[in-house]
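Visitor: Just so you know, we're using UniProt numbering here: the sequence shown kicks off at 1 and counts up by one.
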Amino acid sequence: MASSSSNQTIKINTNKSYVLKERTVTVPLERLDVQIESPVDFDSLKRNGVDIQGFFKTQNMLEFFKMLNLPSYMNLVKDFWVRAEVFDRRSAEEEEEELIKKNPELKGKSRLEMGLRPFRGVEIRSSMMGMEIIITEETITKACRCENDGLFQKDAVKTQWTDKINAVLYNGNPKGKKADLSTVHRMLLKIMNDCIFQKGGGTDYSSFDHKLVLCCLATCKKVNIPKYILHHMCWALKESQNNLRRQIPFGRVLSEIFVKGKLLEHLRNSEVSSDDELGTVVGKIINGKTLQSMNIIKAFKSDEKDLKPEFVESELMRDFSPISREDNSEVLYQFIKAHFEDSGKIISIASIPEKMGGAPLKVKEKRSRIIKSADAAPPKSKRSKS
């Protein structure tokens, strides 16, 4: 069981000396679309007639949703993504075969004896700022503050689940569609699509794997969220490499990994401390207003306790003293000088807010669909070796 502590660090840097890695994704950076998970205001949903928090409490996911209500760094995510690659069992075997070709005496040796890291499962490998970065199932478990247990079926066999899914979601109708879902199931699907199986290319189609997880959520059957997130992340990365898919899922989860992996500390030390430079945004909140936009309710009941994106504080700006560019230039100079003398760290002018208190972080809106081949929709399920 993973700890739910929000303060623990995550080891993602392999401590290799300066690593230069070629791009694996050829989609131009400006065309990449980082998908930011939506924070969920369960209290607002409840006030507006849809109480679904219990379904996620059963999954022990409440800490996960708290994590979603933090900033995401789109430019960091893009930089990671374009140099990333999936390292699975087949990759490990090819790595061993390559070494044996160079030195036949290594045949029969363990990976450790070959000078390689042990293979403990699928990884996503990339490099950032000259550091080799590795993301594993354990990494995602810690970042999501979830438990690494429960159901996980990659490319589930339909015959084992079809009757159950139809009974739970479509009242036994084998031809049931999204429009036939109950209000509760529609909202579970909305949250699942915005936080776990993020889509792209304008498709409204739910794969069988999506339906299986939705069925498990609806019946409170434990699901292994970290495994599903890693699997979906690997699929999306391969789609970016092979089919020029623009969408990068899990911008918030990846940002959390970068924060807990101390990458932002390295950026501070490199004098990169501006939210604009990092493309800092927050996700669009799912709340009672979402119910109104989905035509589930006619009028939205707001409350002063509703979550607001401007209350989210950037990780980069958290330790900065309350000054702004409105202050006298001499005041700014003396503050920056004193901060450097105390901490040895330089504050860039770009990182100082225009006004006292700073501006709220931008809310990441969904891009309008561009109908091009680069907008790859999720393919039909295929069994893949990993």
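Quick reminder that beta carbons are idealized off the backbone N, C-alpha and C, glycines included.
Please classify Cys-234 as buried or exposed, where buried requires at least 16 neighbouring CB atoms within 10 angstroms.
Guide: Working through the sequence shown from its first residue, we reach residue 234 at position 234. Under this definition Cys-234 is a buried residue.
Visitor: Check Asp-33 in the structure and name its three-state DSSP category.
Guide: Counting from 1 along the sequence shown, the entry for residue 33 is found at position 33. Reduced to three states, the DSSP call for Asp-33 is strand.
Visitor: By Cβ distance, which residues of its chain are closer than 6 Å to Gln-292, with the 5 residues on each side in sequence left out?
Guide: Looking up residue 292 in the sequence shown gives position 292. For Gln-292, where only same-chain residues beyond five positions count, the Cβ hits under 6 Å are Phe-300.
Visitor: Please classify Gly-121 as buried or exposed, where buried requires at least 16 other C-beta atoms within 10 Å of its C-beta.
Guide: In the sequence shown, residue 121 corresponds to position 121, counting from 1. Exposed, because fewer than 16 other Cβ atoms sit within 10 Å of the Cβ of Gly-121.
Visitor: Alpha carbon to alpha carbon, how far is Arg-47 from Gly-288?
Guide: Here residue 47 is taken as the residue at index 47 of the sequence shown, counted from 1. Here residue 288 is taken as the residue at index 288 of the sequence shown, counted from 1. C-alpha separation (whole angstroms): 7 Å.
Visitor: If you check the beta carbons only, do Leu-254 and Phe-80 fall under 8 Å apart?
Guide: Taking the sequence shown and counting its residues from 1, the one referred to as residue 254 is at position 254. Taking the sequence shown and counting its residues from 1, the one referred to as residue 80 is at position 80. The answer is yes: Cβ separation under 8 Å.
Visitor: Taking Cβ positions, are Thr-136 and Glu-123 nearer each other than 8 Å?
Guide: As a first step, residue 136 must be located in the sequence shown, where it is residue number 136. As a first step, residue 123 must be located in the sequence shown, where it is residue number 123. Cβ distance < 8 Å, so Thr-136 and Glu-123 count as in contact.
Visitor: Put Met-187 into one of helix, strand or coil per three-state DSSP.
Guide: In the sequence shown, the residue the question calls residue 187 occupies position 187. It is helical.
Visitor: Using the Cβ count rule (16 or more neighbours within 10 Å means buried), how would you classify Leu-20?
Guide: Residue numbering aside, residue 20 sits at position 20 when the sequence shown is read from its first letter. Exposed: under 16 other Cβ atoms inside 10 Å.
Visitor: What's the C-alpha gap between Arg-83 and Thr-24?
Guide: Position 83 of the sequence shown, counted from the start, is the residue given in the question as residue 83. Position 24 of the sequence shown, counted from the start, is the residue given in the question as residue 24. Rounded to the nearest angstrom, the two C-alpha atoms are 5 Å apart.
Visitor: Taking only three categories from DSSP, how would you classify Val-93?
Guide: What you label residue 93 is simply residue 93 of the sequence shown in a count that begins at 1. Position check: residue 93 holds Glu in this sequence, whereas Val was assumed. Glu-93 falls in the helix class under three-state DSSP.
Visitor: Short check: CB of Ile-286 to CB of Lys-190, under 8 Å?
Guide: Here the question's residue 286 lines up with position 286 in the sequence shown. Here the question's residue 190 lines up with position 190 in the sequence shown. Cβ distance < 8 Å, so Ile-286 and Lys-190 count as in contact.
Visitor: Quick check on the DSSP output: the beta strand (DSSP E) that includes Glu-304 runs from which residue to which?
Guide: Against the sequence shown, residue 304 aligns to sequence position 304. Element bounds for Glu-304: n/a, residue is neither H nor E.
Visitor: Cutting at 8 Å between CB atoms, please list the residues of its own chain near residue 390, excluding the five before and the five after it.
Guide: Because the chain spans 1 through 386 in this model, residue 390 falls outside it and cannot be assessed.
Visitor: Can you look up Leu-112 in the DSSP assignment and give me helix, strand or coil?
Guide: Counting from 1 along the sequence shown, the entry for residue 112 is found at position 112. If DSSP states are grouped into helix, strand and coil, Leu-112 belongs with coil.
Visitor: Rounded to whole angstroms, how far is the Cβ of Met-187 from the Cβ of His-210, which I believe are closer than 8 Å?
Guide: Taking the first residue of the sequence shown as position 1, residue 187 is located at position 187. Taking the first residue of the sequence shown as position 1, residue 210 is located at position 210. Met-187 to His-210, Cβ: 15 Å. No contact.
Visitor: Nearest-angstrom Cα distance between Asp-33 and Ile-248?
Guide: Counting from one through the sequence shown, the residue named residue 33 turns up at place 33. Counting from one through the sequence shown, the residue named residue 248 turns up at place 248. Roughly 6 Å between the two C-alpha positions.
Visitor: Do the CB positions of His-231 and Lys-177 come within less than 8 Å of each other?
Guide: Locating residue 231 in the sequence shown gives position 231, counting from the first residue. Locating residue 177 in the sequence shown gives position 177, counting from the first residue. No, the pair does not count as a contact, with Cβ atoms beyond the cut-off.
Visitor: Cβ-heavy atom distance between Arg-245 and the ligand GDP below 7 Å?
Guide: The ligand content of the structure shown is nil, which means the ligand GDP is not present either.
Visitor: If you drop the 5 nearest sequence neighbours on each side, which residues of the same chain put their C-beta closer than 7 Å to that of Leu-112?
Guide: Position 112 of the sequence shown, counting from 1, holds the residue named residue 112. Pro-118.
Visitor: Would you say Ile-225 and Met-114 are within 8 Å of each other, going by their C-beta atoms?
Guide: Numbered from 1 along the sequence shown, position 225 holds the residue referred to as residue 225. Numbered from 1 along the sequence shown, position 114 holds the residue referred to as residue 114. For Ile-225 and Met-114, no; Cβs fall outside 8 Å.
Visitor: Taking the alpha-carbon positions, what's the Asn-243 to Ser-126 distance?
Guide: Against the sequence shown, residue 243 aligns to sequence position 243. Against the sequence shown, residue 126 aligns to sequence position 126. If you take the alpha carbons of Asn-243 and Ser-126, they lie about 19 Å apart.
Visitor: Closest to Thr-159 by C-alpha separation, out of Pro-174, Phe-152 and Leu-214, would be which residue?
Guide: Against the sequence shown, residue 159 aligns to sequence position 159. It is Pro-174 whose Cα lies nearest to the Cα of Thr-159.
Visitor: Within a Cβ cutoff of 6 Å, which residues of the same chain sit near Gln-53, ignoring the five residues on either side of it in sequence?
Guide: Looking up residue 53 in the sequence shown gives position 53. These residues qualify, in order along the chain: Phe-42.
Visitor: In or out: Ser-110 buried (at least 16 other Cβ within 10 Å) or exposed?
Guide: One-based indexing of the sequence shown puts residue 110 at position 110. With fewer than 16 other Cβ atoms within 10 Å, it is exposed.
Visitor: Who pairs with Phe-87 in a beta bridge, going by DSSP?
Guide: In the sequence shown, the residue the question calls residue 87 occupies position 87. Glu-123.
Visitor: Let me check one thing: in DSSP terms, what residues is Gly-283 bridge-paired to?
Guide: The residue labelled residue 283 in the question sits at position 283 within the sequence shown. Paired residue(s): Lys-364.
Visitor: Between the C-alpha atoms of Glu-94 and Lys-227, what's the straight-line distance to the nearest angstrom?
Guide: What you label residue 94 is simply residue 94 of the sequence shown in a count that begins at 1. What you label residue 227 is simply residue 227 of the sequence shown in a count that begins at 1. Using only the alpha carbons, I get a separation of about 24 Å.
Visitor: Using a Cβ-Cβ cut-off of 6 Å (strictly less than) and excluding sequence neighbours within five positions of Leu-29, which residues of its own chain qualify?
Guide: To locate residue 29, count along the sequence shown from 1; it is residue 29. Excluding sequence neighbours, Leu-29 sits near Lys-78.
Visitor: Just to confirm my understanding: we take Glu-97, look at its own chain, exclude 5 residues before and 5 after, and list those with CB closer than 7 Å. What are they?
Guide: The residue you call residue 97 lines up with position 97 of the sequence shown. Result list for Glu-97: empty, nothing under 7 Å.
Visitor: When burial is assigned at 16 or more other CB atoms within 10 Å of the CB, is Gly-130 buried or exposed?
Guide: Translated into positions along the sequence shown, residue 130 becomes position 130. The residue in question, Gly-130, is exposed, as its Cβ has fewer than 16 Cβ neighbours within 10 Å.
Visitor: So Glu-277 and Asn-75 are in contact, right, with Cβ under 8 Å, and what is the actual spacing, rounded?
Guide: Position 277 of the sequence shown holds residue 277. Position 75 of the sequence shown holds residue 75. With a Cβ gap of about 7 Å, Glu-277 and Asn-75 count as contacting.
Visitor: Leaving out five residues before and five after Glu-85 in sequence, what residues of the same chain have Cβ atoms less than 6 Å from its Cβ?
Guide: Position 85 of the sequence shown, counted from the start, is the residue given in the question as residue 85. Cβ neighbours of Glu-85 beyond the five flanking positions: Thr-24 and Arg-125.
Visitor: In terms of residues, what are the limits of the alpha helix (DSSP H) holding Ser-255?
Guide: Stepping through the sequence shown from its first residue, residue 255 is reached at position 255. Here the alpha helix (DSSP H) through Ser-255 covers 251-260.
Visitor: Would you kindly check if the distance between the Cβ of Tyr-73 and the Cβ of Thr-290 is under 8 Å?
Guide: Walking along the sequence shown from the start, residue 290 turns up at place 290. Walking along the sequence shown from the start, residue 73 turns up at place 73. Not a contact, by the Cβ cut-off of 8 Å.
Visitor: Whole angstroms is fine: what's the gap from Phe-107's alpha carbon to Leu-116's?
Guide: If you number the sequence shown from 1, residue 107 lands on position 107. If you number the sequence shown from 1, residue 116 lands on position 116. The sequence as given places Lys at residue 107; Phe does not occur at that position. Approximately 13 Å between the Cα atoms of the pair.
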